[in-house]
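*Asks:* Protein chains in written order, with this note's numbering: chain C, 5 to 71; chain R, 44 to 326. From the three backbone atoms N, C-alpha and C, an ideal C-beta is built for every residue, glycine too.
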Ligand SMILES: Cc1ncc(C[n+]2csc(CCOP(=O)(O)OP(=O)(O)O)c2C)c(N)n1
Ligand code: SF4
Ligand code: SF4
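1) Rounding to the nearest angstrom, what Cα-Cα distance links residue 101 of chain R and residue 146 of chain R in this structure?
2) According to DSSP, simplified to helix, strand and coil, what is residue 149 of chain R?
3) Under a CB-based cut-off of 7 Å, is residue 63 of chain C close to chain R?
4) Could you give the DSSP three-state label for residue 122 of chain R: helix, strand or coil?
5) Please list the terminal residues of the continuous alpha helix (DSSP H) segment that includes residue 70 of chain C.
6) Is the segment 270 to 281 of chain R touching the segment 91 to 109 of chain R in the sense that three or more CB pairs, one from each, lie closer than 8 Å?
7) Can you have a look at residue 61 of chain R and say buried or exposed, based on whether 16 or more other CB atoms are within 10 angstroms of its CB?
8) Quick one: give me the first and last residue of the alpha helix (DSSP H) that residue 176 of chain R is part of.
9) Can you give me, in chain order, the residues of the segment 69 to 103 of chain R that have a beta carbon less than 9 Å from any beta carbon in chain C?
10) For ligand 3, is there a heavy atom less than 6 Å away from the beta-carbon of residue 195 of chain R?
11) For residue 252 of chain R, which three-state DSSP category applies?
12) Under 7 Å, do residue 227 of chain R and residue 250 of chain R count as touching if we go by C-beta distance?
13) Using DSSP with H/G/I as helix, E/B as strand and the rest coil, what is residue 159 of chain R?
14) Suppose only complete runs of 4+ residues qualify. What are the alpha helix (DSSP H) ranges in the segment 210 to 248 of chain R, listed by chain order?
15) What number of angstroms, rounded off, separates the C-alpha of residue 243 of chain R from the C-alpha of residue 103 of chain R?
16) Count the other CB atoms within 10 Å of the CB of residue 233 of chain R; is the residue buried (16 or more) or exposed (fewer)?
17) Taking any heavy atom of ligand 3 as the mark, which residues have a C-beta closer than 5 Å to it, listed down the chain?
18) Can you pull the DSSP bridge partners for residue 306 of chain R?
19) On the criterion of 16 or more Cβ atoms from any shown chain inside 10 Å, does residue 128 of chain R qualify as buried, or is it exposed?
20) What does DSSP give as the partner residues of residue 38 of chain C in its beta bridges?
21) Terminal residues of the continuous alpha helix (DSSP H) containing residue 29 of chain C?
22) Leaving out five residues on either side along the sequence, give the residues of the same chain with a beta carbon under 8 Å from the beta carbon of residue 5 of chain C.
23) Examine the Cβ distances between the segment 53 to 71 of chain C and the segment 68 to 82 of chain R and report whether three or more of them are shorter than 8 Å.
24) Assuming residue 17 of chain R and residue 177 of chain R are in contact, meaning their beta carbons sit under 8 Å apart, how far apart are those beta carbons, in whole angstroms?
25) Identify the contact partners of residue 269 of chain R in chain C, using a Cβ-Cβ distance below 9 Å as the criterion.
26) Residue 44 of chain R: buried (16+ other C-beta within 10 angstroms of its C-beta) or exposed?
27) Just to confirm before moving on: does the CB-CB distance between residue 153 of chain R and residue 175 of chain R stay below 7 Å?
28) Which value, in whole angstroms, describes the spacing of the CA atoms of residue 292 of chain R and residue 279 of chain R?
29) Measuring alpha carbon to alpha carbon, tell me which residue in R:240, R:212 and R:188 is nearest residue 85 of chain R.
30) Measure how close the beta-carbons of residue 170 of chain R and residue 77 of chain R come, nearest whole angstrom, since I'm counting them as under 8 Å.
Here it is in structure tokens:
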């Protein structure tokens with residue numbers, strides 16, 4: 005299946021910078037991220053569309069999405 | 044794949060902020076969910092799109108959480124007195140007309156203690172970009188009301204609701220003579236970047252009022268659940284793009300602030316005018 009061969013993006017989260025505001029979680033259009041304790045984690049990488057909105061709205065330079 | 048090739052294929056390449064940042068300064072001091080960091084990032088992307096080098100920029104600020112911005116960037120920077128950033132910036136610009144002046148200021152810094160400097164800077168049409176981080180409150184000092192606090196909002200100094208009508212920063216800038224006036228939000232990030240870029244590229248005084256959120260003081264005191272809740276209610280639902288105004292019925296515009304470039308005209312720039320005066324005097 006094409007899906008199995010699909011190249012997944014890489015989401016890098018800097019836990020030292022993340023302050024847990026949850027803006028990226030709340031506004032991700034495809035619900036990829038979730039809060040785990042004080043920081044954000046990836047819940048469903050497969051759903052990521054690489055739109056970059058999480059990075060653009062992150063106030064803390066804490067999340068980046070690589071192709 | 045190279046960044047160039049990826050861009051062509053519209054694949055994502057995260058923006059590299061590090062070339063514009065002073066090493067070792069992050070994480071910044073702003074609270075969780077504060078919009079100031081979102082504005083800083085959009086500003087750096089705008090600067091990159093224009094292609095300015097670090098040395099071609101001078102960033103000046105007053106005092107406040109928003110005024111901490113210059114501390115993080117590797118440009119020529121100056122952190123000055125509360126409300127007085129524009130006076131310092133004016134002096135720097137007149138002595139170095141080739142520098143690109145960017146002033147980062149809070150609504151309190153720009154419009155309360157600095158209100159007089161604000162209107163007179165706009166009146167002169169000196170070439171600089173004034174970014175007003177407008178969070179409707181004095182963040183740094185504990186959430187007192189500011190000239191942009193909407194009437195009725197609770198703050199530390201208005202526990203029963205602010206009783207003064209608030210300033211419209213953009214109307215004030217326009218009436219005072221600024222030749223570029225725009226409003227943006229930290230929610231509409233791509234638009235924010237484009238607006239800042241246009242403001243920097245404009246020759247003359249450019250004012251961008253950027254609605255952002257102080258979840259710690261304004262948010263908590265006015266019963267917002269989170270930073271995202273504020274962005275949703277105040278920035279997304281509370282504004283309408285100038286491009287949509289004509290398409291919307293009047294009831295959909297009620298109580299909304301306009302977003303986008305609200306005013307742009309050509310006008311003779313102050314340093315250019317001053318150069319002519321010097322020429323005349325030397326004749
Ligand atoms: C002359 C002077 N008066 C008062 C203060 C105290 N003060 C520091 S920051 C500030 C207000 C900052 O609010 P704003 O400009 O809206 O920025 P924010 O912190 O919300 O980003 C005040 C009143 C000061 N530093 N100097
Ligand atoms: S890039 Fe877009 S889809 Fe992927 S996690 Fe970020 S916001 Fe969600
Ligand atoms: S007090 Fe408010 S304005 Fe200041 S850093 Fe915290 S959230 Fe931002």
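*Replies:* The structure says:
1) Computed Cα separation, rounded: 8 Å.
2) Looking at residue 149 of chain R - three-state DSSP - the assignment turns out to be strand.
3) With 7 Å as the cut-off, residue 63 of chain C counts as an interface residue toward chain R.
4) Under the three-state reduction of DSSP output, residue 122 of chain R falls in the strand class.
5) Segment 67 to 70 is the beta strand (DSSP E) holding residue 70 of chain C; no alpha helix (DSSP H) there.
6) At 8 Å Cβ cutoff, the stretches do not touch.
7) So residue 61 of chain R ends up on the exposed side.
8) Taken as a continuous stretch (DSSP letters only), residue 176 of chain R belongs to no alpha helix (DSSP H), being part of the beta strand (DSSP E) at 171 to 177.
9) For chain C, the residues of the segment 69 to 103 of chain R that bring a beta carbon within less than 9 Å of one of its beta carbons are 69, 70, 71, 73, 74, 75, 76, 77, 78, 79, 80, 81, 82, 83, 84, 85 and 88, in chain order.
10) It does not: the Cβ of residue 195 of chain R is nowhere closer than 6 Å to a heavy atom of ligand 3.
11) The DSSP-derived three-state label of residue 252 of chain R is strand.
12) At least 7 Å separates the beta-carbon of residue 227 of chain R from that of residue 250 of chain R.
13) It is helical.
14) Within the segment 210 to 248 of chain R, the complete alpha helix (DSSP H) segments at least 4 residues long are 212 to 219 and 232 to 244, listed from N- to C-terminus.
15) So the alpha carbons of these two residues sit roughly 14 Å apart.
16) Exposed is the label assigned to residue 233 of chain R, since fewer than 16 other Cβ atoms lie within 10 Å of its Cβ.
17) Listed along the chain, these residues meet the criterion: R:73, R:74, R:77, R:108, R:182, R:257 and R:259.
18) In the DSSP output, where bridge partners are listed per residue, residue 306 of chain R has R:224.
19) Its Cβ being crowded by 16 or more others within 10 Å, residue 128 of chain R is buried.
20) Here residue 38 of chain C is bridged, per DSSP, to C:45.
21) Here the alpha helix (DSSP H) through residue 29 of chain C covers 27 to 31.
22) Any reading at residue 5 of chain C is ruled out, since the residue's pLDDT is 47, under 50, leaving its predicted position unreliable.
23) At 8 Å Cβ cutoff, the stretches touch.
24) The first residue shown for chain R is 44 and the last is 326, placing residue 17 of chain R beyond what the model contains.
25) 25, 26, 27 and 30, listed in chain order.
26) Low confidence applies here, because residue 44 of chain R scores a pLDDT of 48, under 50, leaving its location unreliable; read the following figure in that light. Classification of residue 44 of chain R: exposed, given that the 10 Å Cβ count is below 16.
27) Going by C-beta atoms, residue 153 of chain R is nearer than 7 Å to residue 175 of chain R.
28) If you take the alpha carbons of residue 292 of chain R and residue 279 of chain R, they lie about 18 Å apart.
29) Of R:240, R:212 and R:188, the residue nearest in Cα terms is R:240.
30) Contact flag wrong, Cβ pair sits at about 30 Å.
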